[in-house]
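So the protein lines, in turn, are chains A and B.
Numbering (numbering that gives the first Met the number 0) for the first sequence: 0 to 697.
Numbering (numbering that gives the first Met the number 0) for the second sequence: 0 to 697.
Virtual Cβ for every residue (Gly too), placed ideally from N, Cα, C.
Keep in mind it's a predicted model, so treat the numbers as computed, not measured.
Below: the structure, in structure tokens.
Number of protein chains: 2
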Amino acid sequence: MTVPDLDPLLRPRSVAVVGASLTNPTNVGSRTLHQLRRFFPGRTYLVHPRATGDGTATDLASLPETVDLLVVAVPAPAVVPVVAEGARAGIRAALIFTSGFAEGGADGAAAQEELQRISAETGMLINGPNTIGYMNLHDGILATFFLPQDIELPAAGPVAVVSQSGALATYVDELARDRGITPGWLVTTGNEAGVTVTDCLAYLIERPEVTVLAATSEGMRDPQAFVHVASRAAQLGKPFVFVKAGRSAAGMAAAQSHTASISGGDDVFDAVCRQYGVLRADSLEEALDWLSVFQTQRRLAGNRIGLLTGSGGGGVMMADVAHDVGLEVATTPETDQALIEQWIPSFGSAVNPVDVTAQAIASGVGNYQRILRALVDSTGFDCVAVGSGLRGPQAVEVAEKIAATYVEADKPLVLTWYSTNQDSRRLLVDVGVPTYQDSSRAIGALGALRRFQEQQANITAEPVRTPDPDRAARARTLLGGEPTLTEAGAKTLLGLYGLQVVQESAVTTVEAAVQAAETMAAYPVAVKVLSPDLPHKSDVGGVHLGVADGAGVRDAGEAILAAVAEHRPNARIEGLVVQQMAPSGVELVCGVHRDPIFGPVVTVGLGGVLVEVVADVALCKAPLTMEQARAALAEVADGRLVSHSRGITGEQADAIAEIMVSLGDLAVELPEVAEIDVNPLIVSSSTILVADALVGLA
Amino acid sequence: MTVPDLDPLLRPRSVAVVGASLTNPTNVGSRTLHQLRRFFPGRTYLVHPRATGDGTATDLASLPETVDLLVVAVPAPAVVPVVAEGARAGIRAALIFTSGFAEGGADGAAAQEELQRISAETGMLINGPNTIGYMNLHDGILATFFLPQDIELPAAGPVAVVSQSGALATYVDELARDRGITPGWLVTTGNEAGVTVTDCLAYLIERPEVTVLAATSEGMRDPQAFVHVASRAAQLGKPFVFVKAGRSAAGMAAAQSHTASISGGDDVFDAVCRQYGVLRADSLEEALDWLSVFQTQRRLAGNRIGLLTGSGGGGVMMADVAHDVGLEVATTPETDQALIEQWIPSFGSAVNPVDVTAQAIASGVGNYQRILRALVDSTGFDCVAVGSGLRGPQAVEVAEKIAATYVEADKPLVLTWYSTNQDSRRLLVDVGVPTYQDSSRAIGALGALRRFQEQQANITAEPVRTPDPDRAARARTLLGGEPTLTEAGAKTLLGLYGLQVVQESAVTTVEAAVQAAETMAAYPVAVKVLSPDLPHKSDVGGVHLGVADGAGVRDAGEAILAAVAEHRPNARIEGLVVQQMAPSGVELVCGVHRDPIFGPVVTVGLGGVLVEVVADVALCKAPLTMEQARAALAEVADGRLVSHSRGITGEQADAIAEIMVSLGDLAVELPEVAEIDVNPLIVSSSTILVADALVGLA
């Protein structure tokens, strides 16, 4: 995938605004031009039929240069003519604020299609319509109307935020800065007639000043680009946080009526995020919680967390959360304990959680700072979480000490600051201390960092396999015009892709059963009656298990037919089935289906009688690597399938991963295969066998 | 259980303070006396050897009356003598602020035991030591030192908060008031030498001015009292929110070192909360989120939520959360849609989420208020969630409209207000609008209300069964001195409590097998070889299933012995097993274990080969009612065991609930039974059979 060059749109050297008023400074165009002219060092033009003077033009044709970016804030009916004129004049990018397009009825949708056509034909980059624009603070560009007119240029930090929705972007902007998060980029895309959220992400992930990427979107227009961005983020070691609106049926319904986008399975999106290392947040608030930590660019050297509290109960709660998010509440090294104990009362604790007690703080904040410093400097901890709830003037004093210690340290540190004293909080967030009102969120953010680093460590450069057209051609001969393959056909197809299948044969006579058993040569076998009238074959003597040779098959067949004739004389008997005895083992399900957004998806999960009740399945987008397959398998049953002694071994996991990769290859090579359902896949000590399989064709 | 009369402690008519300084107004005793004297209409005394004047005494003996409450703020070594003197003087309650007791070494622990002894012998109510006291705002009592000295008397609302930890109580106090939550009671208990968190809860739940109860604790000293409070809360229809510190192994370890309390299984505590309708919050922040809604005392008449937003993307996110928490994003009734459509642009939506668009707000807040009013008044919605993110002066204007509409309405309404404009936020919380920064938390709080009401509806007055001493005596004859019952003994014991068990018999000859089969009269049966050397009996012809009569058993027995002799001539053959054929069906596990805190617990979950991997078990404290058993069963596999067509039927669920209740009866009647493990319990169309069971004795 080539990275879209969005420079004309997002890093223009010159901008023309159409739709700014000569008289009304509060209209959208005027507000935007005002903001652009305050900090942007490039050239700006007001385009208006009655405009005069420097930096104005009466129409696009009379501009003194071909500007990079055209900002459009005219009423809806005038938008298409203006954009078309701009494209004719060679302008390479347009930012369209005007609403009332695809989101507002048939006329609007037609106009939006016209914009899409212009973009497709001329290559013009179109952001919007119905966008609120963007902020590129690194270059002083406030190409938006939503900010207060007298705002100072906000600080440009390492975070880049992209949002389809303008309102959600303003939420992020308002709350992020309140918390000391400093997005250097904030880009909205609105109706996406041209440029999409993923286009912007693909552009921004390559920007050197961007080290954290965050995005929210209601739809997923270009899944391949999303995967590309995720892969690039992983390669570059930049956390990529995504909040997807439209997780649930209710949310998807709202998103469809709102953006007319199609939606895929949320479980598939979730799986794709994990597969490619995207950190999916459940809410914007959670995303902001994480960004506070990610933007510091501090990293964990291990999972040990030191907890500092003035309250025993608070320390217990912090330990709970640390455990929840996979951090270890390690014991304070003895030398550090000795150090700390000289500064706390005997009824405090230096062990971890380090409980300085309320008295230690009351007796002077100097010791408090020394204790915090001891934790931050300790070789026993890879990160530190501090909880404090002081009020009054001492809050500011303690905040100053924490801020000073934070700045000098380089370990990840989070702070739960439940004083509502705004001065003390401001002081902390202004120096970048990740500061929260609740320890579950503070330590949860460290947990996100841990997860990011763990995913990073697991993402390998392993390539997916190249499709094999010869194998695909052989397979295609098996696929008739029927919607579903026969069971035999399904097993042959799977065999072609390297899966081992249980052999079986349905016959009409005892002699044929003996012949079939000898041919398959997979003793011991089971011999069963074949009858539509006997659902419980065992109860009427219709099943013999563990038959060891041909003579045994003959005896069993005769005994079965006799027993059935005696117990169920009226049952229709169609013959016998000879079946390879599947060794006993763990029963899994494995399969393929196609997601409307992301295409072929491989599934793996627990099988057995209660498969639908257990409903524990992990997913992986195809094509997939062995590493990705193993990671998906490691999610089944909260990890217990691979970690519990009654689960599967490492070798079995590798063999199952190989099957998953092969099913993914099959799905990629044969688009006409709509779904595959292997149930059960029997995992025994010696083999991994497909006992039954269903293949549905498109 | 009798409710402890805490009036002398928490509603005293007179208070004496020992430990206030005559010269230092900032010491703990002085601060407390100052606060008491500001608002408390009762009589207060400063007790100090050199004190003179009105409202003082030189020692406890010279007080002009026997006060209700003694406040102790003397150094640790002086505490026991002062309390003992108070008890001798007939004072009925003591509040001890001093630290350094059980939390601070052997001397402190001994002193605390002395306090416990005084409490036990004299009946004196002891709150503390190491407590920060309490606020009873209904009676103007600030019996605490932690508040600013010039604080105005906070508003007394319907919420009562009880916390073991003082620091967590100050957290709640600070943040609750910031959010417009007005606890009328805030009680801390510290080291709990006498009065515990549950004592206070048992007292407060009966107070008429208290309609919402919230508590946090690191330990659980009196589980029976906890269950009592939960039951009373349910009876009285008062929500009871609990945050337990010490959920995880790491948290429990911290709690044990901090409070020396024992801990039980967190899954058991969780189950007890659900069983008795306690709303367990994961964090203090979540508890506060819920209290904002609960304190309004507005209730849901149904599950339909109306969503009002100015942003399509925001509406999608709100719909997601609503779905997550079990609220239905119902379509706006047509008449209301028509009403709303006149006030929004054509590219908005009146359907639900109702998207007024940013323009509608910009064009005047009057219409915004009308739309909100339409939603609140609509017969199509049982509650309303509003999301808004305005800034600048309009934020205050919109906030005023929302506040006015809220006050006039009686439906539950929550607000996501992501403006950081503090004036607008203050205005909203001051009239009681539940206000949040993120829609996931706002709508999550409505979800907690839904859950509370649903639990209320399900809590019945069904009594638990009376123990049956005769049955217990009969059962006791089965329990020998061994640590584990034999399988036969276990099955007999379970049979005595009404469970149906699979019959089987081990014999040494073919003739004895025939005899055994005839005696059990439960055809069809299985005949199997009994040998320590043949783990895979089926593979060597050692199993015949579905044997229909005595003659068949003889044939099967002979065939088995012949086949085994042929295939495994060296295997030791001990005989044959004749076993009732368990019908095929869903395999569950069911059992009993004993929690260190809550005692006997009944478990039920999914069985099968992967039982440890699936690890999906629901719990219920014994004794239990049928309703409680059914509710626990309905949690298995996220509800799919009872709701999915491949799961169990309603009749089967009732029968399994009956088994759970019986196992609970057994556990209550036979304390010497340490654990029971029924695995599998086979649920077929005709019976529910114990196929195998293990009974461990204490």
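Taking the alpha-carbon positions, what's the A:T25 to A:F96 distance?
Stepping through the first sequence from its first residue, residue 25 of chain A is reached at position 26. Stepping through the first sequence from its first residue, residue 96 of chain A is reached at position 97. Cα to Cα, A:T25 sits roughly 14 Å from A:F96.
Output needed for B:T187: all residues of its chain with C-beta closer than 6 Å, excluding positions within five of it in sequence on either side, in chain order.
Here residue 187 of chain B corresponds to residue number 188 of the second sequence, with the count starting at 1. These residues qualify, in order along the chain: T130, I131, S162, G165 and A168.
Do you know offhand how far B:P670's Cα is from B:V501's?
Residue numbering aside, residue 670 of chain B sits at position 671 when the second sequence is read from its first letter. Residue numbering aside, residue 501 of chain B sits at position 502 when the second sequence is read from its first letter. If you take the alpha carbons of B:P670 and B:V501, they lie about 26 Å apart.
Quick one: is B:P74 buried, meaning 16 or more other Cβ sit within 10 Å of its Cβ, or exposed?
Reading the second sequence from its first residue, position 75 is the one you call residue 74 of chain B. B:P74 is exposed by the Cβ-count criterion.
Give the straight-line distance between the Cα atoms of B:A108 and B:T197, rounded to the nearest whole angstrom.
As a first step, residue 108 of chain B is located in the second sequence; it is residue number 109 there, counting from the start. As a first step, residue 197 of chain B is located in the second sequence; it is residue number 198 there, counting from the start. When rounded, the separation of the alpha-carbon atoms in B:A108 and B:T197 is 22 Å.
Going by alpha carbons, who is nearest to B:S438 out of B:V430, B:V385, B:G156 and B:P3?
The count along the second sequence starts at 1 and reaches residue 438 of chain B at position 439. Checking every option, the nearest Cα to that of B:S438 belongs to B:V385.
Taking the C-alpha atoms as reference points, what is the distance between A:A159 and A:L203?
As a first step, residue 159 of chain A must be located in the first sequence, where it is residue number 160. As a first step, residue 203 of chain A must be located in the first sequence, where it is residue number 204. The straight-line gap from Cα to Cα measures roughly 7 Å.
Are the region 312 to 321 of chain B and the region 269 to 285 of chain B touching by the rule of at least three beta carbon pairs closer than 8 Å?
no
Tell me the start and end of each unbroken alpha helix (DSSP H) in the region 302 to 333 of chain A that is at least 4 residues and wholly inside, in chain order.
311 to 323
Any chance you could list the beta strand (DSSP E) runs of at least 3 consecutive residues sitting entirely within the region 351 to 427 of chain B, in chain order?
382 to 387 and 412 to 416
Residues of the region 557 to 576 of chain A in Cβ contact with chain B at a cutoff of 7 Å, in chain order, please.
H566
Does A:V277 come within less than 9 Å of chain B when only Cβ atoms are used?
Taking the first sequence and counting its residues from 1, the one referred to as residue 277 of chain A is at position 278. False, the Cβ-Cβ gap to chain B never drops below 9 Å.
Strictly under 9 Å for the Cβ-Cβ distance: is A:G545 near chain B by that measure?
Your numbering for residue 545 of chain A matches position 546 in the first sequence. The C-beta of A:G545 comes closer than 9 Å to at least one C-beta of chain B.
Decide if the region 613 to 633 of chain A is in contact with the region 648 to 657 of chain A; the criterion is three or more beta carbon pairs, one per stretch, under 8 Å apart.
yes
Is it a yes or a no for the region 497 to 515 of chain A touching the region 682 to 695 of chain A, going by three-plus beta-carbon pairs under 8 Å?
yes
Between the C-alpha atoms of B:A154 and B:V209, what's the straight-line distance to the nearest angstrom?
Within the second sequence, the letter at position 155 stands for residue 154 of chain B. Within the second sequence, the letter at position 210 stands for residue 209 of chain B. Straight-line Cα distance between these residues: approximately 14 Å.
Does the beta carbon of B:G245 sit closer than 9 Å to a beta carbon anywhere in chain A?
As a working note, residue 245 of chain B is residue 246 in the second sequence. By this cut-off, B:G245 is an interface position.
Quick one: what's got a C-beta closer than 8 Å to A:H253's C-beta in the same chain, skipping five residues either side?
To locate residue 253 of chain A, count along the first sequence from 1; it is residue 254. Checking the displayed sequence, the identity of residue 253 of chain A turns out to be Ala instead of His. Excluding sequence positions up to five before and after A:A253, its CB lies within less than 8 Å of the CB of G245, all in the same chain and listed in chain order.
With a threshold of 8 Å on Cβ separation, who are the neighbours of B:A712 within its own chain once the five nearest residues in sequence on each side are excluded?
With chain B covering 0 to 697 only, the question about residue 712 of chain B has no answer from this structure.
Could you tell me the boundaries of the beta strand (DSSP E) in which B:L493 lies?
To locate residue 493 of chain B, count along the second sequence from 1; it is residue 494. Careful: B:L493 lies outside any beta strand (DSSP E), inside the alpha helix (DSSP H) at E486 to L495.
Taking only the alpha-carbon atoms, compute the straight-line gap between A:K237 and B:A77 and give it to the nearest angstrom.
Working through the first sequence from its first residue, we reach residue 237 of chain A at position 238. Working through the second sequence from its first residue, we reach residue 77 of chain B at position 78. Cα to Cα, A:K237 sits roughly 60 Å from B:A77.
Does the separation of the CB atoms of A:L35 and A:I140 fall below 9 Å?
In the first sequence, residue 35 of chain A corresponds to position 36, counting from 1. In the first sequence, residue 140 of chain A corresponds to position 141, counting from 1. Yes, Cβ-Cβ distance for A:L35 and A:I140 is below 9 Å.
Are the C-beta of B:T308 and some C-beta of chain A separated by less than 9 Å?
To locate residue 308 of chain B, count along the second sequence from 1; it is residue 309. Yes, B:T308 lies at the interface with chain A (some Cβ there is under 9 Å from its Cβ).
Any idea if B:Q421 is buried or exposed, counting beta-carbon neighbours within 10 angstroms, 16 or more meaning buried?
Reading the second sequence from its first residue, position 422 is the one you call residue 421 of chain B. Flag for B:Q421 reads exposed.
In whole angstroms, what is the alpha-carbon distance linking B:T624 and B:S661?
As a working mapping, residue 624 of chain B is identified with position 625 in the second sequence. As a working mapping, residue 661 of chain B is identified with position 662 in the second sequence. Their Cα atoms are separated by approximately 10 Å.
Could you check which residue in A:I647, A:E611, A:N366 and A:T356 has the C-alpha nearest to that of B:D637?
Within the second sequence, residue 637 of chain B is the residue found at index 638, counting from 1. Of the listed residues, the one whose Cα sits closest to B:D637 is A:E611.
Between the alpha carbons of B:A92 and A:L640, how many angstroms are there, rounded?
Taking the second sequence and counting its residues from 1, one reaches residue 92 of chain B at position 93. Taking the first sequence and counting its residues from 1, one reaches residue 640 of chain A at position 641. Spanning the two alpha carbons is a distance of roughly 57 Å.
Which one of B:D172, B:N23 and B:G479 has the shortest CA to CA distance from A:Y417?
By 1-based counting over the first sequence, the position of residue 417 of chain A is 418. It is B:D172 whose Cα lies nearest to the Cα of A:Y417.
Exposed or buried, which one is A:G479 when buried takes at least 16 other CB atoms within 10 Å?
As a working note, residue 479 of chain A is residue 480 in the first sequence. The residue is exposed, with fewer than 16 neighbouring Cβ atoms inside 10 Å.
Which of the three DSSP states is assigned to A:G132 in this structure?
Position 133 of the first sequence, counting from 1, holds the residue named residue 132 of chain A. Correct three-state label for A:G132: strand.
From which residue to which residue does the beta strand (DSSP E) around B:G540 run?
Taking the second sequence and counting its residues from 1, one reaches residue 540 of chain B at position 541. Note, B:G540: premise wrong, no beta strand (DSSP E); not H, not E.
Less than 9 Å between CB atoms is the rule here; does A:H711 satisfy it with respect to chain B?
Because chain A spans 0 through 697 in this model, residue 711 of chain A falls outside it and cannot be assessed.
Measuring straight from C-alpha to C-alpha, what distance separates B:F268 and B:R30?
Along the second sequence, read from residue 1 onward, the residue named residue 268 of chain B stands at position 269. Along the second sequence, read from residue 1 onward, the residue named residue 30 of chain B stands at position 31. Going from the Cα of B:F268 to the Cα of B:R30 covers about 38 Å.
From the DSSP output, which residues share a beta bridge with B:A213?
Residue mapping note: residue 213 of chain B aligns to position 214 of the second sequence, counting from 1. DSSP output for B:A213 lists B:V160 and B:V240 as bridge partner(s).
Would you list the residues sitting across from A:D288 in a DSSP beta bridge?
Your numbering for residue 288 of chain A matches position 289 in the first sequence. DSSP, once it has assigned bridges, lists no residue as partnering A:D288.
Output yes or no for whether 9 Å exceeds the beta carbon distance between B:V375 and B:V406.
Sequence index remark: in the second sequence, residue 375 of chain B carries index 376 (1-based). Sequence index remark: in the second sequence, residue 406 of chain B carries index 407 (1-based). Their beta carbons are not under 9 Å apart, which means B:V375 does not touch B:V406 by this criterion.
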